[in-house]
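Have a look at the structure below before the remarks.
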């Protein structure tokens, strides 16, 4: 029980010191802000990625090319085959409910 109370006291002091540090330096551009931004940047940085062929890309240029290729393929899809008449026939055969036009009053 004594160990638990000592650890609890130590944890409470650490929290108080952290809160005090953030209170004292939180609104200033100093080490605290720089450290927080550095950590955030490191978490959001992409170090490697696999391209569409499954090859791992490590350099910045290769990663940029992999993203470019992915989005190029995503947004430049081939047009669907068939005509609007084929689509109309498919929908007519497969849709069970029809929306009726509103009758004039």
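In our numbering, the protein residues as written are 308 to 412. For each residue, glycine too, the CB sits at the ideal point set by N, CA and C. This one's a predicted model, so the numbers in the text were calculated from it and none came from an experiment.
query                                                                                                                                  : result
Helix, strand or coil at residue 335 according to DSSP, with G and I counted as helix                                                  : coil
DSSP bridge partner residues for residue 363 (one or two, in chain order)                                                              : 357
Contacts around residue 356, its chain only, beta-carbon distance under 8 Å, and the 5 residues preceding and following it disregarded : 363, 364, 370, 373, 374
The stretch 373-392 touching the stretch 342-361, judged by at least three CB pairs closer than 8 Å                                    : yes
Residue 405: first and last residue of the uninterrupted alpha helix (DSSP H) it sits in                                               : Taken as a continuous stretch (DSSP letters only), residue 405 belongs to no alpha helix (DSSP H), as it is neither H nor E.
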